[in-house]
Every structure is written in C-alpha cells, then in structure tokens.
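*Asks:*
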C-alpha cells in the first residue's frame, strides 16, 4: 500500500480537534486512510450509504453516546447532513467530561458543501484535511513512476492498474459514475450530458483562462449557467481555478483565473488519449504537463499565503507564484516540457515585476543547474521536496 502523506496531517488534526473532516474526490483513498488510522485506536466505522448503518442513526445521540470512548468514522456524511447538529451536542457534552479531541472523523466528497453544512453547526469544533490524488513524493523517485503518474493520473486504482487498458477503463468508469451519480446528488438541476461536455471542453483548454462566454456559446447555455456548472466541478475537487496573482506593480493584469482539470489522467481519459504515444502527439501535451506540475506542487506546498499565476496584458508571465511567508518569501515557478529549457522574455519581465526570493523552471529532467539571472532549472521531484520541507 502506498503511504499517504496526509496521514500525518490527519493524525495531528485528530489530536487537536474534536471533529475532523477528511475531504477529497471519490475513489481517492479516504476510506482506506480512515480505516488505517482506526487501527491505532478504538474506533467505529459507519458507511452512511448503507441502509443498515443509517438505520443505526435513527436516534443519533442515543446510538453515538454508547460509543463515546471511540473514534467514530462517518463515511459519505453528505447522506445525513442533519447529523451535524447532533455531533455538536455530543462534542460539547464530551468536552465537559474531559474528552476534547479525536471524537469524530467525517468523510466527504464535496468540499464547499461539506464546509457549509459543518460550519453552520460545528464552528470552532471541526478541522478540515484534504486528501488529493497520489502526488510526486508518494509514488517513488523513478522517472518511470513519475511518467506513469502523469499519464494515468493519481487515483490509486488508475495508477496501480495492471496495464494501460485497465487504467483507461477505470477512468472512463469513474467519469461515468460521477456524471450519473454525483451530479444527481450535488447538482440535481444540472444535465449530466451537458456537464460532461463542459468537463471535456475544460480538458481541451487545460490551463487556459476561464472564458465563460465562449464556453457558454459552445454549450448553448448562458454564461452564468456555465459558472454554476464549473462551481460544481470545483466543489467536487475535480477542477481547480488558479487565481491571477495581483501585486502592486502598476501593470495591467489579466483578471480571469486559469482553469485546470486537477487529475492529469482524467484529462487524458476525457480526450480519449490511451497511452503515452497518443498523448505525445496531441496538442494538449504541453498544457497537460503544466497542469500536472501545478497540481503536484500545490499538493505539497505549505497551505499559506497567496497561490496563483502572474500574467500581464503586455505578456509578462509566470505559471505559478507562491507567497510562502517568513524567510521563504515569494517563489516564482515556470513550467517547461523541454529537456533543455530556455529563459524567455516574458519570464524575465515577470520576475522583474515581482522580485521573488527564488525563481525556478521545472522541467522533465533530473539535473539541477543555473539558467542565469538567479533562475534554476530543477526536476519535479526535487522541486516538490523543496516545497514540502518548508
């Protein structure tokens, strides 16, 4: 089994807080990680998609009071959102009795929805931990593992499939299940076929600026409707909006966010790309690599400060800017697919505008070397290790 880095954060959160929400897309490994945590302490697991487990919670306070000495794991919490009010009473009663931490671990697939539901009842009583797909530091140091992660994506069943055909079939099934099941649960007025077309259009436009009007024209719906559909994909942790980085440099800035389908394997499945050769010959290969690197680095970077991209109307551009605070300061990260990356004028101008503490070009090679003007070429794994160490 691949050891997940989020396990450390999850254990620490349970040691600090009475309730912890583990959020992440379906099939990313939330249940597996929760059950692994449960091995180290008395625990009770309830799957709220099981009618039998839901029936146990007909009187939640009565049932859960009998398990006050255990970590109670509530999977698919969105099926019983009214449960949060009961958890609040149980947490407060436990605090008065001296049990202040590690009471409840809830698992969910819709981040914003879960935060809203729990925030209304459990403000100050719950902490959130996100479990993403497998990242560059979890799959081993070899270049072949990295390339497989890029091609297949980081959902464990896709990454660990016996062959490319099995991996593709898994991702196609995953997409169908999301469209047929989760759209009905989280976006009941959203046609699954239209959402699939939008998802595919976003894959074609991987890393492009969000242009709701252009997407709306292609889908024959309104721009506000496109925004609502995109909101659902963001909430389900399937799509990322990367905001433009604003700095007081007196420049005319691009104002629209960039949009990425977060898992590179899903990008390739949505576009019908079955293997490395098909990917290499497709126009999305460059944007796919960029999105893969962006997601890999954001997965390990400290969750503090501004994260975004920098682009001016005049053409100065940096793919990823991280304000890390403290001694680390601001890092500028450009992403290239070439094994011999070169410094381009737009990058030089952007660095002059932003004056970052450190500047990097992430490329597919392994060697680290200076490119000039304080910029270093660096491989993805070494870049991820540098961010994870902060």
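Numbering (my numbering), first residue to last: 34 to 423.
Cβ coordinates follow ideal geometry from the N, Cα and C atoms, glycine included.
Quick one: what's residue 309 bridged to in DSSP?
*Replies:* The residue given as residue 309 occupies position 276 in the chain shown. Partner(s): none; residue 309 has no beta bridge.
*Asks:* Give me the Cα-Cα distance between residue 155 and residue 51, rounded to the nearest whole angstrom.
*Replies:* Indexing the chain shown from 1 puts residue 155 at position 122. Indexing the chain shown from 1 puts residue 51 at position 18. In a straight line, the C-alpha of residue 155 is about 10 Å away from that of residue 51.
*Asks:* By the 10 Å Cβ neighbour count, where 16 or more other Cβ atoms means buried, how is residue 306 classified, buried or exposed?
*Replies:* Residue 306 sits at position 273 when you count from the first residue of the chain shown. With 16 or more Cβ atoms within 10 Å of its Cβ, residue 306 is classed as buried.
*Asks:* In chain order, what are the residue ranges of uninterrupted beta strand (DSSP E) at least 3 long that sit wholly in the stretch 255–298?
*Replies:* Listed in chain order, the complete beta strand (DSSP E) runs (minimum 3 residues) inside the stretch 255–298 are 272–275 and 291–294.
*Asks:* Ordered along the chain, which non-local residues of its own chain (more than five positions away) have a Cβ less than 6 Å from that of residue 229?
*Replies:* Taking the first residue of the chain shown as position 1, residue 229 is located at position 196. Within the same chain, residue 229 has close Cβ partners 212.
*Asks:* Measuring alpha carbon to alpha carbon, tell me which residue in 119, 259, 341 and 182 is nearest residue 222.
*Replies:* Start at 1 with the first residue of the chain shown, and residue 222 comes out as number 189. The residue with the shortest Cα to Cα distance from residue 222 is 259.
*Asks:* What residues in its chain sit with their C-beta under 6 Å from that of residue 185, if we drop five residues either side in the sequence?
*Replies:* For the purposes of this step, residue 185 is taken as residue 152 along the chain shown, with counting starting at 1. Once the five neighbours on either side are set aside, the close Cβ partners of residue 185 are 191, 192, 200 and 298.
*Asks:* Give me whichever residues DSSP pairs with residue 366 in a beta bridge.
*Replies:* Translated into positions along the chain shown, residue 366 becomes position 333. Answer is 353 and 393.
*Asks:* In the structure shown, what three-state DSSP assignment does residue 188 receive?
*Replies:* Numbered from 1 along the chain shown, position 155 holds the residue referred to as residue 188. Coil.
*Asks:* Over what stretch of residues does the alpha helix (DSSP H) that includes residue 386 continue unbroken?
*Replies:* Position 353 of the chain shown, counting from 1, holds the residue named residue 386. Where residue 386 is concerned, the enclosing alpha helix (DSSP H) stretches over 378–387.
*Asks:* Is the Cβ-Cβ distance between residue 142 and residue 111 less than 9 Å?
*Replies:* Start at 1 with the first residue of the chain shown, and residue 142 comes out as number 109. Start at 1 with the first residue of the chain shown, and residue 111 comes out as number 78. Yes.
*Asks:* Can you tell me the Cα-Cα spacing of residue 405 and residue 77, whole angstroms?
*Replies:* Looking up residue 405 in the chain shown gives position 372. Looking up residue 77 in the chain shown gives position 44. Near 57 Å, if we compare the C-alpha coordinates of residue 77 and residue 405.
*Asks:* Please specify which runs of the beta strand (DSSP E), each continuous and at least 3 residues long, are wholly inside the stretch 127–215, giving them in chain order.
*Replies:* Listed in chain order, they are 137–141 and 159–163.
*Asks:* With respect to the beta strand (DSSP E) encompassing residue 404, which residues constitute its N-terminal and C-terminal limits?
*Replies:* The residue labelled residue 404 in the question sits at position 371 within the chain shown. Residues 402–405.
*Asks:* Can you give the beta carbon distance from residue 35 to residue 174, rounded, assuming they're within the 8 Å contact cut?
*Replies:* As a first step, residue 35 must be located in the chain shown, where it is residue number 2. As a first step, residue 174 must be located in the chain shown, where it is residue number 141. Their Cβ separation, rounded to whole angstroms, is 14 Å, which puts residue 35 and residue 174 out of contact at 8 Å.
*Asks:* Give me whichever residues DSSP pairs with residue 108 in a beta bridge.
*Replies:* On the chain shown, residue 108 is found 75 positions in, with the first residue counted as 1. Beta-bridge pairing links residue 108 to 80.
*Asks:* Spatial neighbours of residue 246 within its chain, please: C-beta separation below 6 Å, excluding the five flanking residues on both sides.
*Replies:* Taking the first residue of the chain shown as position 1, residue 246 is located at position 213. Cβ within range, chain order: 256.
*Asks:* To the nearest angstrom, how far is the alpha carbon of residue 42 from that of residue 288?
*Replies:* In the chain shown, counting from the first residue as 1, residue 42 sits at position 9. In the chain shown, counting from the first residue as 1, residue 288 sits at position 255. Between residue 42 and residue 288, the C-alpha separation is close to 34 Å.
*Asks:* When you compare only the Cα positions, how much space is there between residue 119 and residue 93?
*Replies:* Along the chain shown, one-based indexing puts residue 119 at 86. Along the chain shown, one-based indexing puts residue 93 at 60. Using only the alpha carbons, I get a separation of about 7 Å.
*Asks:* Between which two residues does the alpha helix (DSSP H) carrying residue 53 extend?
*Replies:* In the chain shown, the residue the question calls residue 53 occupies position 20. No alpha helix (DSSP H) holds residue 53; the beta strand (DSSP E) holding it covers 52–56.
*Asks:* Who are the Cβ neighbours of residue 415 in its own chain at under 7 Å, not counting the five residues just before and after it?
*Replies:* If you number the chain shown from 1, residue 415 lands on position 382. Cβ neighbours of residue 415 beyond the five flanking positions: 401.
*Asks:* Ordered along the chain, which non-local residues of its own chain (more than five positions away) have a Cβ less than 8 Å from that of residue 347?
*Replies:* Numbered from 1 along the chain shown, position 314 holds the residue referred to as residue 347. Only 284, 285 and 382 meet the Cβ criterion.
*Asks:* Reducing DSSP to helix, strand and coil, say where residue 409 ends up.
*Replies:* Here the question's residue 409 lines up with position 376 in the chain shown. Residue state, collapsed to three classes: strand.
*Asks:* For residue 422, does the count of other Cβ atoms within 10 angstroms reach 16, so buried, or fall short, so exposed?
*Replies:* The count along the chain shown starts at 1 and reaches residue 422 at position 389. Exposed is the call here.
*Asks:* Just how far apart, CA to CA, sit residue 273 and residue 88?
*Replies:* By 1-based counting over the chain shown, the position of residue 273 is 240. By 1-based counting over the chain shown, the position of residue 88 is 55. Approximately 36 Å between the Cα atoms of the pair.
*Asks:* Run through DSSP, which three-state label would residue 341 get?
*Replies:* As a working note, residue 341 is residue 308 in the chain shown. Strand, per DSSP.
*Asks:* Leaving out five residues on either side along the sequence, give the residues of the same chain with a beta carbon under 8 Å from the beta carbon of residue 271.
*Replies:* Translated into positions along the chain shown, residue 271 becomes position 238. Same-chain partners within the cutoff: 58, 211, 232, 294, 295, 296 and 299.
*Asks:* Give every residue of the same chain whose Cβ lies closer than 8 Å to the Cβ of residue 146, excluding the five residues on either side of it in the sequence, and list them in chain order.
*Replies:* Looking up residue 146 in the chain shown gives position 113. Once the five neighbours on either side are set aside, the close Cβ partners of residue 146 are 111, 219 and 268.
*Asks:* Are the beta-carbon atoms belonging to residue 124 and residue 71 less than 9 Å from one another?
*Replies:* For the purposes of this step, residue 124 is taken as the residue at position 91 of the chain shown. For the purposes of this step, residue 71 is taken as the residue at position 38 of the chain shown. No, the Cβ-Cβ distance between residue 124 and residue 71 is not below 9 Å.
*Asks:* According to the neighbour-count rule (16 or more other Cβ atoms, all chains shown, within 10 Å of its Cβ), is residue 121 buried or exposed?
*Replies:* Locating residue 121 in the chain shown gives position 88, where the first residue counts as 1. Answer is buried; the Cβ neighbour count reaches 16.
*Asks:* What is the DSSP secondary structure of residue 241, reduced to helix, strand or coil?
*Replies:* Translated into the one-based positions of the chain shown, residue 241 becomes position 208. Reduced to three states, the DSSP call for residue 241 is strand.
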